[in-house]
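Q: Chains as they are written, first to last, in the UniProt record's numbering: chain Z, 1 to 283; chain E, 1 to 338.
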Amino acid sequence: MSPLARKRLGKIALNATGLLVFVFAIFPVYWMVSTAFKTNDQIFTTEFIPFPTSFTFEHVHRVLTEGVAGNSIWVYMGNSAIVALGTVLVGAVFSLLAATAVARFNFKGRSTFLIVLLVAQMIPAEALLIPLYLRVIDLGLVDQLAGLILVNVGLTLPFGIWMLRTFVAAVPKSLEEAAWIDGASRLTTFWRVLFPLVAPGLVATSIFSFITAWNELIFALVLMSESSGYTMPVALQFFFGQKGTDWGAIMASSTMMTIPVVVFFLIVQRRMVTGLMAGAVKG
Amino acid sequence: MTDTSTRTRGGGNPSPSGRRRPGRPAKASGLPVWSIPYLLLIPGLLVIGALLLYPMVQVAIMAFQKVGLPQIRPVNKRPPEWVGTDNFSQIFDNEIFWSALRNTLVFAVLAVTLTLVVGTAVGVLLNKLGKKMSTLVIVGIMFAWAVPPVAQGIIWKWLFDAEAGIINWALNLLPDWLSTLVFGRADWTGEPWLNDAWSIYMVLIITVVWASFPFIAVSVLAGLKGIPAELYEAARVDGASAWRTFRKITFPLLRPVFAVLTVLSIIWDFKVFSQLYVLMGGPTNREAFNLSMYSYAEAFRSPPKMGSGAAIALVLTVILLVVTAVYVRQLVKQEDMT
Numbered sequence: 001m002s003p004l005a006r007k008r009l010g011k012i013a014l015n016a017t018g019l020l021v022f023v024f025a026i027f028p029v030y031w032m033v034s035t036a037f038k039t040n041d042q043i044f045t046t047e048f049i050p051f052p053t054s055f056t057f058e059h060v061h062r063v064l065t066e067g068v069a070g071n072s073i074w075v076y077m078g079n080s081a082i083v084a085l086g087t088v089l090v091g092a093v094f095s096l097l098a099a100t101a102v103a104r105f106n107f108k109g110r111s112t113f114l115i116v117l118l119v120a121q122m123i124p125a126e127a128l129l130i131p132l133y134l135r136v137i138d139l140g141l142v143d144q145l146a147g148l149i150l151v152n153v154g155l156t157l158p159f160g161i162w163m164l165r166t167f168v169a170a171v172p173k174s175l176e177e178a179a180w181i182d183g184a185s186r187l188t189t190f191w192r193v194l195f196p197l198v199a200p201g202l203v204a205t206s207i208f209s210f211i212t213a214w215n216e217l218i219f220a221l222v223l224m225s226e227s228s229g230y231t232m233p234v235a236l237q238f239f240f241g242q243k244g245t246d247w248g249a250i251m252a253s254s255t256m257m258t259i260p261v262v263v264f265f266l267i268v269q270r271r272m273v274t275g276l277m278a279g280a281v282k283g
Numbered sequence: 001m002t003d004t005s006t007r008t009r010g011g012g013n014p015s016p017s018g019r020r021r022p023g024r025p026a027k028a029s030g031l032p033v034w035s036i037p038y039l040l041l042i043p044g045l046l047v048i049g050a051l052l053l054y055p056m057v058q059v060a061i062m063a064f065q066k067v068g069l070p071q072i073r074p075v076n077k078r079p080p081e082w083v084g085t086d087n088f089s090q091i092f093d094n095e096i097f098w099s100a101l102r103n104t105l106v107f108a109v110l111a112v113t114l115t116l117v118v119g120t121a122v123g124v125l126l127n128k129l130g131k132k133m134s135t136l137v138i139v140g141i142m143f144a145w146a147v148p149p150v151a152q153g154i155i156w157k158w159l160f161d162a163e164a165g166i167i168n169w170a171l172n173l174l175p176d177w178l179s180t181l182v183f184g185r186a187d188w189t190g191e192p193w194l195n196d197a198w199s200i201y202m203v204l205i206i207t208v209v210w211a212s213f214p215f216i217a218v219s220v221l222a223g224l225k226g227i228p229a230e231l232y233e234a235a236r237v238d239g240a241s242a243w244r245t246f247r248k249i250t251f252p253l254l255r256p257v258f259a260v261l262t263v264l265s266i267i268w269d270f271k272v273f274s275q276l277y278v279l280m281g282g283p284t285n286r287e288a289f290n291l292s293m294y295s296y297a298e299a300f301r302s303p304p305k306m307g308s309g310a311a312i313a314l315v316l317t318v319i320l321l322v323v324t325a326v327y328v329r330q331l332v333k334q335e336d337m338t
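#1: Please report whether the beta-carbon of L85(Z) lies at a distance below 9 angstroms from any beta-carbon of chain E.
#2: Can you tell me which residues form a DSSP beta bridge with E81(E)?
#3: Comparing C-alpha positions only, which one of L117(Z), L175(Z) and F37(Z) sits nearest to residue 287(Z)?
#4: Does the Cβ-Cβ distance between S253(Z) and M232(Z) come in under 9 angstroms?
#5: Which residues in chain E have a C-beta closer than 8 angstroms to the C-beta of V21(Z)? List them in chain order.
#6: Considering just the uninterrupted stretch of the alpha helix (DSSP H) at A259(E), what are its terminal residues?
#7: Are V124(E) and T250(E) closer than 9 angstroms when you measure CB to CB?
#8: Are the CB atoms of S228(Z) and G86(Z) within a distance shorter than 9 angstroms?
#9: Would E226(Z) pass as a contact of D143(Z) if the rule is Cβ separation under 9 angstroms?
#10: Check F195(Z) in the structure and name its three-state DSSP category.
#11: What do you reckon, are the CB atoms on A220(Z) and V83(Z) nearer than 9 angstroms?
#12: Would N290(E) and T104(E) qualify as a contact pair, given that the criterion is a beta-carbon distance under 9 angstroms?
#13: Would you list the residues sitting across from G244(Z) in a DSSP beta bridge?
#14: Which residues in chain Z have a C-beta closer than 9 angstroms to the C-beta of I267(E)? List them in chain order.
#15: From the DSSP output, in three-state form, read off A13(Z) for me.
#16: Sorted by chain position, which residues of the same chain lie with C-beta nearer than 8 angstroms to F143(E)'s C-beta, five sequence neighbours on each side aside?
#17: Closest by CA to T120(E), which one among F213(E), I227(E) and L110(E)?
#18: Classify W82(E): buried if its beta carbon has 16 or more other beta carbons within 10 angstroms, exposed otherwise.
#19: Can you confirm whether the segment 130-137 of chain E touches the segment 11-28 of chain Z when touching is taken to mean that 3 or more C-beta pairs between the two stretches lie within less than 8 angstroms?
#20: In chain Z, what lies closer than 7 angstroms to Y232(E) by C-beta?
#21: Here's the rule: buried if 16 or more other CB atoms are within 10 angstroms of the residue's CB, otherwise exposed. What is E95(E)?
#22: To which residues of the same chain is W74(Z) closer than 7 angstroms at the C-beta, ignoring the five residues directly before and after it?
#23: Can you tell which of L97(Z), K7(Z) and M32(Z) has the C-alpha that lies nearest to the C-alpha of P50(Z)?
#24: Please check the pair A211(E) and V147(E), which I expect to be a contact at CB under 8 angstroms, by giving their CB distance rounded to whole angstroms.
#25: Strictly below 7 angstroms CB to CB, what residues from chain E border L97(Z)?
#26: According to the Cβ coordinates, are Y277(E) and L217(Z) closer than 9 angstroms?
#27: Identify, in the order they occur along the chain, each residue of the same chain with its Cβ nearer than 6 angstroms to the Cβ of L155(Z), setting aside the five sequence neighbours on each side.
#28: Looking at the C-beta of N71(Z), does it have a partner C-beta in chain E at a distance below 9 angstroms?
#29: What residue does the alpha helix (DSSP H) around P214(E) start on, and which one ends it?
#30: Roughly how many angstroms lie between the CA atoms of I91(E) and N127(E), to the nearest whole one?
#31: Can the beta-carbon of N40(Z) be found closer than 9 angstroms to that of G241(Z)?
#32: For the alpha helix (DSSP H) that contains K131(E), what are its first and last residues?
#33: Check this for me: beta carbons of A63(E) and G307(E), under 9 angstroms apart or not?
#34: Taking a cut of 9 angstroms between CB atoms, which residues from the segment 33-64 of chain Z lie near chain E?
#35: Note down, in chain order, each residue of its chain lying with its Cβ closer than 7 angstroms to the Cβ of G23(E), except the 5 sequence neighbours on either side.
#36: Closer than 9 angstroms, CB to CB, is N168(E) near chain Z or not?
Okay, structure coming up:
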């Protein structure tokens with residue numbers, strides 16, 4: 001074989017492998033979405049039906065009206081949104097303050113705080129389930145979305161601070177010093193100079209927290225006993241009934257749950273990687 | 001450094017700048033400068049202390065206590081009973097603990113290894129593909145990465161469904177002689193993949209690798225972009241094979257990246273819960289428990305045994321901290337602590 005032909009063949013092989021990876025990654029997602037729009041005849045079959053030729057909205061309609069466990073899927077989507085947004089709002093303020101402290105000041109106990117952050121990140125959330133559950137009972141926050149928000153803030157904060165710290169540190173200090181020389185106060189400098197420059201990092205960190213809270217299952221499972229307070233991950237479990245599984249409905253609901261995350265992912269894709277990596281490697 | 005600049009500002013020196021807003025500076029300079037970082041840290045410290053560190057201490061204490069229904073009911077609550085190491089001897093005597101420990105460890109080793117290998121291979125591939133093709137593949141793997149863990153479990157449960165699952169359909173496509181030769185059977189319809197522990201974990205590994213390789217691939221790709229092309233040029237001139245180039249150039253240069261990715265993967269895979277919960281339909285199959293699921297089942301299935309649940313959680317935490325301690329030490333050393 002001539003070198004040129006070999007090179008060409010190698011290129012074809014590379015592209016074919018790329019296509020294979022693409023199919024492996026996307027097919028399960030596609031299968032979820034397409035099942036959501038198939039009629040039951042086309043779902044419960046041993047045949048392979050690549051496209052929903054009998055395209056239908058019946059499952060989407062059913063989960064939105066009839067829903068599961070006594071409520072429409074909108075209720076659970078709403079609960080999930082409240083929990084995730086609440087977590088983001090509280091977390092963003094707290095992590096911005098702490099990240100500024102760590103990245104902008106030298107103070108006694110700074111390195112201790114950083115080590116505490118690291119260790120806190122290593123603690124598996126599942127291990128904290130029992131004491132946090134008892135604490136939430138003590139506070140009277142069982143069946144309250146506020147209890148779930150509180151827990152999620154705790155779970156996402158160490159990583160949020162750790163990640164945001166690198167974004168704050170990336171803003172040159174000279175900019176703030178220039179503002180001080182011009183007579184701006186520390187607070188003004190923070191709002192007018194530092195905050196706008198850190199905002200993209202804050203968005204990335206917030207989206208990360210949003211996704212974590214949106215996806216969280218185990219705490220929602222034990223803290224929410226009434227179905228009107230379920231979040232999406234909990235509600236989805238109730239489609240697996242005694243009388244067989246309503247796959248059309250569950251795929252429609254899973255698709256609805258996945259859409260916001262996909263959108264966020266596509267927005268912050270690049271920062272997500274730098275954030276995760278920078279958060280973990282030296283900042 | 002920050003101190004001096006603040007003193008210049010706060011020193012009563014009337015600034016000529018007209019942008020200065022009245023009222024603001026007084027508010028900020030009313031505080032001694034040294035206290036500012038501590039004030040900024042208060043909310044974060046409160047949250048971390050109250051929601052992470054103190055509960056961890058509580059887990060360690062509860063592991064040596066008996067905490068059941070009488071101790072947690074809202075009325076007529078009784079104080080927890082101190083039982084020494086009873087919880088531990090009880091779980092160590094239980095074979096479910098040992099199968100849960102085995103499941104946790106074997107799953108973590110296999111899932112982490114496979115995720116890293118597949119992810120790295122795809123990252124290297126992405127680096128070699130043309131622009132259009134690599135964008136297409138990145139968008140594709142982004143979708144797999146974005147799917148929430150519960151939905152991941154649901155999707156793969158559906159793909160491996162006994163009756164209408166597409167995996168059984170695909171296996172039925174194999175020529176009968178081949179299927180019989182390799183698996184000892186030709187007809188796959190009705191094969192229940194999610195009944196036995198081993199096949200549950202096989203599906204779980206596929207699920208987790210599918211969802212986590214994209215992050216590795218994109219991170220490795222980002223690392224590869226930072227390696228100067230001349231190095232590869234030189235290797236090619238020297239006639240180095242692809243594998244040798246990877247081993248001698250790519251791997252050593254990406255070592256810090258791999259270290260981080262490995263630890264993150266270990267942390268994520270050690271305590272996998274959501275996907276397992278969906279695949280086996282709640283804490284039903286005791287043989288397929290991992291440590292997280294076992295702890296959850298002990299503490300929250302009636303009768304609640306929070307003490308032994310805490311003991312299992314403590315074992316899980318200690319293993320995880322030991323495994324990741326090396327990495328934390330390295331990070332602390334690297335960290336700019338001045």
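C-beta atoms are modelled at their ideal positions from N, C-alpha and C, and glycine is treated no differently.
A: For this structure:
#1: no
#2: In the DSSP assignment, the residues bridged to E81(E) are K66(E).
#3: Residue 287(Z) falls outside the range modelled here, since chain Z spans only 1 to 283, and no answer is possible.
#4: Taking 9 angstroms as the Cβ cut-off, S253(Z) and M232(Z) qualify as a contacting pair.
#5: V122, L125, V137, G140 and I141
#6: R255 to F270
#7: yes
#8: no
#9: Cβ atoms of E226(Z) and D143(Z): closer than 9 angstroms.
#10: Looking at F195(Z) - three-state DSSP - the assignment turns out to be helix.
#11: yes
#12: yes
#13: G241(Z)
#14: Near I267(E) (Cβ distances below 9 angstroms), the residues of chain Z are Q121, M122 and P124.
#15: helix
#16: none
#17: It is F213(E).
#18: exposed
#19: yes
#20: Here the premise fails: no neighbours, minimum Cβ distance about 15 angstroms.
#21: Under this definition E95(E) is an exposed residue.
#22: L64
#23: Comparing Cα-Cα distances from P50(Z) to each of L97(Z), K7(Z) and M32(Z), the minimum goes to M32(Z).
#24: 6 angstroms
#25: L40, P43 and G44
#26: In this structure, L217(Z) lies closer than 9 angstroms to Y277(E) by Cβ.
#27: A125
#28: no
#29: A197 to K225
#30: Their backbone Cα atoms lie some 49 angstroms apart in a straight line.
#31: no
#32: K131 to A146
#33: yes
#34: T35, I43, F44, T45, T46, E47 and F48
#35: With a pLDDT of only 35 at G23(E), under the threshold of 50, the placement of this residue in the model should not be trusted; the figure read from the coordinates follows. Same-chain partners within the cutoff: there are none.
#36: yes
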